[in-house]
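Trainee: In our numbering, the protein residues as written are 36 to 190.
For every residue, glycine included, the Cβ atom is placed at its ideal position computed from N, Cα and C.
Computed from a prediction, not measured in an experiment: that's the story for all the values here.
In structure tokens form, the structure reads like this:
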């Protein structure tokens, strides 16, 4: 299985490199059997807020937006959809939550990819399933559970 990432850095700032986004997407999509493609667009707060308002009816920017591709047309490779990640929000969250920035980036990409696969966290049981998958994928990359508070982690 091959994962094709169309990387779109529309934000002029310091972010992980394209290879990191590729690794994180491949880790999240390791169970997908067929070749697949997605785009990852890095944006500022204005673009994130505009998309969040337009597509979710919510005010302000958010860390990651997922736009699954929904079509009856069979494409090869399978087109999963688009992730739009707000750079300033992800960086701010990592700092506020006392997380390693690259680990938080990995979590956001994995979280978004799982949304593209149909996972959600609206209901508690769905959230638990999605979080469990995120934790397992991150663990394989030696990244700690993002849902534990820093003070809760054992040495």
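Whose CA, out of 113, 123 and 74, lies closest to the CA of residue 102?
Mentor: Of 113, 123 and 74, the residue nearest in Cα terms is 74.
Trainee: Please work out which residues of its chain come closer than 7 Å, Cβ to Cβ, to residue 116, disregarding the five sequence neighbours upstream and downstream, and give them in chain order.
Mentor: These residues qualify, in order along the chain: 73, 101, 102, 103, 104 and 151.
Trainee: Pull up the distance between the alpha-carbon of residue 40 and that of residue 159, whole angstroms please.
Mentor: In a straight line, the C-alpha of residue 40 is about 31 Å away from that of residue 159.
Trainee: Is residue 167 helix, strand or coil when you go by DSSP?
Mentor: Correct three-state label for residue 167: helix.
Trainee: Quick check on this structure: which residue in 172, 162, 79 and 173 has the alpha carbon closest to the alpha carbon of residue 45?
Mentor: When each option's Cα is compared against that of residue 45, the closest is 79.
Trainee: Return the chain-ordered ranges of every alpha helix (DSSP H) run that is complete within the stretch 41-129 and spans a minimum of 4 residues.
Mentor: The stretch 41-129 contains these whole alpha helix (DSSP H) runs: 53-63 and 80-91.
Trainee: Leaving out five residues on either side along the sequence, give the residues of the same chain with a beta carbon under 6 Å from the beta carbon of residue 180.
Mentor: 170.
Trainee: Can you tell me the Cα-Cα spacing of residue 173 and residue 131, whole angstroms?
Mentor: Their backbone Cα atoms lie some 20 Å apart in a straight line.
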